[in-house]
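Chains as they are written, first to last, in this note's numbering: chain P, 143 to 497; chain W, 143 to 497.
All C-beta atoms in this analysis are idealised placements derived from N, C-alpha and C, irrespective of residue type, glycine included.
Computed from a predicted structure; not experimentally measured.
Shown next as structure tokens:
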């Protein structure tokens, strides 16, 4: 039976990416060696790293002044790294608190400077993207989480803040086009639209770096990594390679604009059903809804057992909501086909038709 | 042709590990899903992480008070993390400078306290393990690099220092038995004897943690990770899984004591030839020689082209020395069969017999 993988992350990857990744674990580039047993300094792997960095620049249409790195530690280390590289000693930054990951970013940044939380939707269990106050004078950047996986909310576009932007785009990078010019830094764990768990992408304006007055530990210094072409130390070889395969897949399938079209079609399908079907209601405010993660619940909890049986027997996997929201969450990352969303909608309608 | 993979790291892994890893990328545990597209919170992956942590405890015979984690950032982030967790504010630690990686560890630790370099072999291009002075009173720990991949030197055993030990064992973990009791922390990048690049193992005495008086960023706080069973954030799923497969392979093949026997046989074979064959000389002092990485050079450089042709045509790969030493380096990690070392020795003898 075909499995419809709605997992929130790590999540579905294109089948051709998985096939090619598995093959490379056995024999990479016909070398007679596995991808994971060759030197990261070999010309075969250096080519992987360079192509992956270039593909990000191309797919995101990054300005010339941007550098791209593939590092480790996930966005969780990124929260600290972002402030370490961009928040001057004694300086100030503005943060929007739109969910669990935003709150974690704020916690880490507070270790390094004055953090002004300019807007928060915490009081309503993060059911929407909050309005926020204009950052005060002297604010180095505004940080936000573009998509909130847990709550199913998403900034509808790039916010206007009057200061440079820093964004954790872990769960919607490559899902829609945007202009990178207002950003000093974009970072994203790979394990949603980009690849497997184990690498985190940093894209940053190199001119914005080096102004904190702080001595930065080597691994946390983005300029150190950039100076070594993202090979300051041994990179996570397999995660970077599978990320490259996924970036190639995006390029071969119309790039980010085409991903966006597919994603909008998928989210329109599920949200239309959530709004139409009296058995379901959404968690997120309508104007904050995410194209990546649709959060919803049954209006009649007594039907939960039956609904769970129906979607499980339809081959749907990973639909349970996060414990802080409950209900269900349909994660519809780039690699999820429209067909899988249609299968879920069919199940929702089947439940309704049972009366 | 069979390839004899002498790569310094990432390096050779057992063929059965590579086969099983490739299969899991296609379908993991018969789930119909790839290992890399399932949730790290799924019971299938939680079981992987738990078994991997337990296998380390068993293979290293760690005391009950030790915790084991699989994190990211390699030993390069470990240099800073070690000091962050163990060097008190205003405190002092002793470091032995036995190679490039030791020097890097010292550089990062100096950001956090007073570092006393108690011994160094830098003046002789790190050709041996230096003698070192007893740490002064008030020293929190002595840090050393157990094996120096680049220079082919290795501590012959656990040093006696009179203070707790911290060791970067990236390139000889699981290669020989040792008593973990004198250690506060052992850390090791996976990509030599343990698995593929992309995860780093920390094994530490939990009672030694939490005494620095410092607020530690979450990702760098080993107690934060331990409190979340090494799942504080999304772990590097594939590197951890392949590490588990390699740990299972070690257990099935006699454990660390058996690895040590094989490694001693391999290193005896190559060093005997280096010492016997007038065409070759070793880089490392004899009493500092590494069982993992044998560094050597031709006594007559004019034979380099011929020697290179010979070993390449014998299927030997990854034999070039690091640029800071030159010559050749035969890395003989756990998964390298004795047969591969014999092939290299045969080639060295073939060169000699050409006169």
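Would you kindly check if the distance between the Cβ of residue j and the Cβ of residue i is under 8 Å?
i: residue 88 of chain P; j: residue 434 of chain P; result: Any answer about residue 88 of chain P is impossible in this case: the structure gives chain P only from 143 up to 497.
i: residue 449 of chain P; j: residue 493 of chain P; result: yes
i: residue 237 of chain W; j: residue 251 of chain W; result: yes
i: residue 205 of chain P; j: residue 322 of chain P; result: yes
i: residue 300 of chain P; j: residue 338 of chain P; result: no
i: residue 160 of chain W; j: residue 170 of chain W; result: no
i: residue 409 of chain P; j: residue 436 of chain P; result: yes
i: residue 195 of chain W; j: residue 347 of chain W; result: no
i: residue 277 of chain W; j: residue 340 of chain P; result: no
i: residue 425 of chain P; j: residue 293 of chain P; result: yes
i: residue 463 of chain P; j: residue 145 of chain P; result: no
i: residue 490 of chain W; j: residue 415 of chain W; result: yes
i: residue 224 of chain P; j: residue 308 of chain P; result: yes
i: residue 175 of chain P; j: residue 357 of chain W; result: no
i: residue 211 of chain W; j: residue 440 of chain W; result: no
i: residue 214 of chain W; j: residue 214 of chain P; result: yes
i: residue 381 of chain W; j: residue 374 of chain P; result: no
i: residue 385 of chain W; j: residue 182 of chain W; result: no
i: residue 290 of chain W; j: residue 268 of chain W; result: yes
For residue i, go through chain W and note every residue whose CB falls closer than 7 Å to its CB, in chain order.
i: residue 250 of chain P; result: 359, 360
i: residue 145 of chain P; result: 174, 175
i: residue 333 of chain P; result: 376
i: residue 469 of chain P; result: Ordered by position in chain W, no residue passes the 7 Å Cβ test against residue 469 of chain P, which lies about 17 Å from the chain.
Rounded to the nearest angstrom, how far is the Cβ of residue i from that of residue j, given a contact under 8 Å?
i: residue 398 of chain P; j: residue 319 of chain P; result: 5 Å
i: residue 240 of chain P; j: residue 287 of chain P; result: 6 Å
i: residue 344 of chain P; j: residue 327 of chain P; result: 7 Å
i: residue 387 of chain P; j: residue 162 of chain P; result: 5 Å
i: residue 430 of chain W; j: residue 261 of chain W; result: Not confirmed; about 12 Å, so no contact.
i: residue 312 of chain P; j: residue 401 of chain P; result: 16 Å between Cβ atoms; not a contact.
i: residue 383 of chain W; j: residue 220 of chain W; result: With a Cβ gap of about 21 Å, residue 383 of chain W and residue 220 of chain W do not count as contacting.
i: residue 209 of chain P; j: residue 368 of chain P; result: 4 Å
i: residue 389 of chain W; j: residue 480 of chain W; result: Contact flag wrong, Cβ pair sits at about 22 Å.
i: residue 461 of chain P; j: residue 148 of chain P; result: 5 Å
i: residue 391 of chain P; j: residue 193 of chain P; result: No, residue 391 of chain P and residue 193 of chain P are not in contact; Cβ-Cβ is about 13 Å, not under 8 Å.
i: residue 247 of chain P; j: residue 314 of chain P; result: In fact, because the Cβ distance is near 15 Å, the residues do not count as touching under 8 Å.
i: residue 164 of chain P; j: residue 168 of chain W; result: 5 Å
Note down, in chain order, every chain P residue with its Cβ under 8 Å from the Cβ of residue i.
i: residue 155 of chain W; result: 176, 178, 179
i: residue 339 of chain W; result: 178, 182, 376, 377, 378, 379, 380
i: residue 372 of chain W; result: Neighbours of residue 372 of chain W on chain P: none; closest Cβ ~13 Å, over 8 Å.
i: residue 222 of chain W; result: 359, 360, 361, 362
Using the beta-carbon of each residue, which ones in chain W are nearer than 9 Å to residue i?
i: residue 384 of chain P; result: 167, 178, 380
i: residue 149 of chain P; result: 175, 179, 180, 181, 184
So which residues of chain W does residue i contact, with C-beta pairs closer than 8 Å?
i: residue 152 of chain P; result: 178, 179, 180, 181, 182, 376, 379
i: residue 214 of chain P; result: 214, 215, 216, 219, 340, 378
i: residue 160 of chain P; result: 167, 168, 176, 178, 179
i: residue 253 of chain P; result: 357, 359
So with CB distances below 7 Å, who are the chain P contacts of residue i?
i: residue 164 of chain W; result: 164, 167, 168
i: residue 460 of chain W; result: 181
For residue i, verify whether its CB is less than 7 Å away from any heavy atom of the ligand HEM.
i: residue 254 of chain W; result: The model depicted lacks the ligand HEM and carries no ligand whatsoever.
Should the segment 214-231 of chain W be called in touch with the segment 280-288 of chain W, which here means at least 3 C-beta pairs below 8 Å?
Under the 8 Å Cβ criterion, the segment 214-231 of chain W counts as touching the segment 280-288 of chain W, having at least three qualifying pairs.
Quick check: the segment 333-352 of chain W against the segment 150-158 of chain W, are there 3 or more CB pairs under 8 Å?
Segments in contact, yes.
Minimum length 3: unbroken beta strand (DSSP E) runs contained in the segment 328-400 of chain P
Unbroken beta strand (DSSP E) runs of no fewer than 3 residues, entirely contained in the segment 328-400 of chain P, are found at 342-347, following chain order.
Counting only runs of 3+ residues fully inside the segment 205-251 of chain P, write out the beta strand (DSSP E) ranges in chain order.
Note on the segment 205-251 of chain P: whole beta strand (DSSP E) runs with a minimum of 3 residues are 208-213, 234-239, in chain order.
So, do the segment 302-311 of chain P and the segment 439-458 of chain P have three or more beta carbon pairs nearer to each other than 8 Å?
Result no; under three Cβ-Cβ pairs closer than 8 Å.
Segments of 3+ residues assigned as beta strand (DSSP E) that fall wholly inside the segment 449-486 of chain P:
If we require 3 residues or more, the beta strand (DSSP E) runs fully inside the segment 449-486 of chain P come out as 470-473.
Contiguous alpha helix (DSSP H) assignments of at least 4 residues, all confined to the segment 397-424 of chain P:
Those alpha helix (DSSP H) runs which fall completely within the segment 397-424 of chain P and span 4+ residues are 397-418.
Could you name each continuous beta strand (DSSP E) segment of 3 residues or more that falls completely within the segment 286-317 of chain P, going from the start of the chain to the end?
The qualifying runs are 307-310.
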